[in-house]
Amino acid sequence: MMLLDSIKEIYISNNKPKTWEHVQEVAETAIWLAERHSLDSEKVKIAALLHDVSAIMSPQEMYDIAISRNMYVDPAEEKYHFLLHQRISRIIAEERFGIIDEDILSAIECHTTLKKNADMYDKAVFISDKISWDQEGHPPYYEELKSLAAESLDEACYFYINYLFKNNMLLMPHLWITEAYDELKRQ
Numbered sequence: 190m191m192l193l194d195s196i197k198e199i200y201i202s203n204n205k206p207k208t209w210e211h212v213q214e215v216a217e218t219a220i221w222l223a224e225r226h227s228l229d230s231e232k233v234k235i236a237a238l239l240h241d242v243s244a245i246m247s248p249q250e251m252y253d254i255a256i257s258r259n260m261y262v263d264p265a266e267e268k269y270h271f272l273l274h275q276r277i278s279r280i281i282a283e284e285r286f287g288i289i290d291e292d293i294l295s296a297i298e299c300h301t302t303l304k305k306n307a308d309m310y311d312k313a314v315f316i317s318d319k320i321s322w323d324q325e326g327h328p329p330y331y332e333e334l335k336s337l338a339a340e341s342l343d344e345a346c347y348f349y350i351n352y353l354f355k356n357n358m359l360l361m362p363h364l365w366i367t368e369a370y371d372e373l374k375r376q
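Next up, the structure:
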């Protein structure tokens, strides 16, 4: 079975057709950004398609995996287990799909919070997920974020994270998003 068929199968067989639809939309956006910023479009496509693969589990199952593997759990993840999904998706991508490319794995791992020292693949998948969000319609920041992303992934990341902080949209800031924000502010 081809990789893309296997990825689709895991979402569909676990009754996650809406998640499958979302990750396909994120992949389309990521490919557009890859073309704008001279990135490997196949890498961003795979990362985008796998970024939410842990949706096949409950947040409690994700937490149990993190604890069983002695993973560091951020206080935000401790309180809101669903925040672990980015890191658990990386594990599934590695172990179930055999992904070994660090650009792909890193982009999956930080697609919700970004992180300090993020590379262009991390930023492309992070922003693609925000542009192609999993709610109805477009997010309120859609036009500005898409416009910024076409020109500069750094500016787009800064704009989006700043928007979250200014509008009190974070339930509890994760260390990674705080560090990414501080780093982007300095640039």
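Start counting the sequence shown at 190; every next residue gets the next number (our numbering). Glycine included, every Cβ here is placed at the ideal spot set by N, Cα and C.
Host alpha helix (DSSP H) of residue i (start-end)
i, result
"Lys-232", "230-239"
"Gln-249", "248-257"
"Trp-221", "206-225"
"Asp-361", "The identity of residue 361 in the sequence shown is Met, whereas the question assumes Asp. That residue, Met-361, is in no alpha helix (DSSP H); it is neither H nor E in DSSP."
"Asn-356", "Per DSSP, Asn-356 belongs to no alpha helix (DSSP H) and is neither H nor E."
"Gln-275", "274-284"
"Phe-315", "309-320"
"Ala-338", "331-340"
"Glu-291", "291-298"
Inter-residue CB distance, residue i and residue j (contact presumed, cutoff 8 Å)
i, j, result
"Leu-337", "His-226", "Leu-337 to His-226, Cβ: 12 Å. No contact."
"Tyr-349", "Ile-316", "7 Å"
"Tyr-347", "Leu-373", "4 Å"
"Ser-195", "Phe-286", "7 Å"
Test: residue i CB closer than 8 Å to a CB of chain D
i, result
"Ile-281", "Note that chain D does not occur in the displayed structure, where there is just one protein chain."
CB contact flag (residue i, residue j, <8 Å)
i, j, result
"Asp-151", "Lys-234", "An answer regarding residue 151 cannot be provided, because it is not within the stretch 190 to 376 covered by the chain."
"Asp-241", "His-270", "no"
"Asp-311", "Lys-304", "yes"
"Val-314", "Ala-236", "yes"
"Ile-201", "Trp-209", "yes"
"Ser-321", "Glu-214", "yes"
"Leu-238", "Ala-223", "no"
"Ala-282", "Met-361", "no"
"Leu-364", "Asp-263", "yes"
"Leu-228", "Met-309", "yes"
"Asp-323", "His-211", "yes"
**Report entry** Meets three-Cβ-pair contact criterion under 8 Å: the stretch 264-283 and the stretch 296-312
**Finding:** yes
Query raised in the report: Hey, is the stretch 342-359 in contact with the stretch 236-256, meaning 3+ C-beta pairs nearer than 8 Å?
Result: no
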